[in-house]
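**Student:** Numbering (our numbering), first residue to last: 290 to 383.
1. Closest by CA to residue 341, which one among 320, 357, 361 and 325?
2. Relative to the C-alpha of residue 308, which residue among 332, 374 and 302 is closest?
3. Whether or not the region 311-325 and the region 353-367 are in contact is what I'm after, with contact meaning three or more pairs of Cβ atoms, one per stretch, closer than 8 angstroms; do they touch?
4. Taking a contact to mean a Cβ-Cβ separation below 8 angstroms, would you say residue 322 touches residue 311 in this structure?
5. By the three-class DSSP mapping on this structure, what secondary structure does residue 322 have?
6. Buried or exposed for residue 336, going by 16 or more other Cβ atoms inside 10 Å?
7. Would you tell me roughly how many angstroms separate the C-alpha atoms of residue 349 and residue 367, rounded to the nearest one?
8. Taking the C-alpha atoms as reference points, what is the distance between residue 296 and residue 328?
9. Using a beta-carbon distance below 8 angstroms, is residue 297 in contact with chain D?
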């Protein structure tokens with residue numbers, strides 16, 4: 290669900306870190322499948338072909354706290370905060 294919200298804002302999955310190797314995964318559904326077997330799940334996102342962001346997840350946390358780390362890439366912080374608020378049903382105005 291998080292990746293879907295981020296994709297709606299233009300931040301698309303690009304790669305998933307599996308062990309020490311980045312796997313090209315430019316599809317939301319495939320990225321969701323790949324991160325299920327990663328510990329910890331780390332995803333590289335891409336926007337406009339050049340802006341990148343990384344997020345690290347923790348499956349043991351509630352949906353609002355599952356993002357345990359993310360890069361402060363240009364324009365990414367408000368988008369990730371909004372996506373997390375949407376998951377919580379809090380609804381953040383744009």
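A virtual CB, placed ideally from N, CA and C, is assigned to each residue, including glycine. None of the values given here were measured: they were computed from a predicted structure.
**Tutor:** If we stick to the structure as given:
1. 361
2. For residue 308, the nearest C-alpha among the options comes from 332.
3. The region 353-367 vs the region 311-325: no contact.
4. Not a contact, by the Cβ cut-off of 8 angstroms.
5. Helix.
6. Result: buried.
7. 24 angstroms
8. 23 angstroms
9. Absent here is chain D; the protein component of the structure consists of one chain.
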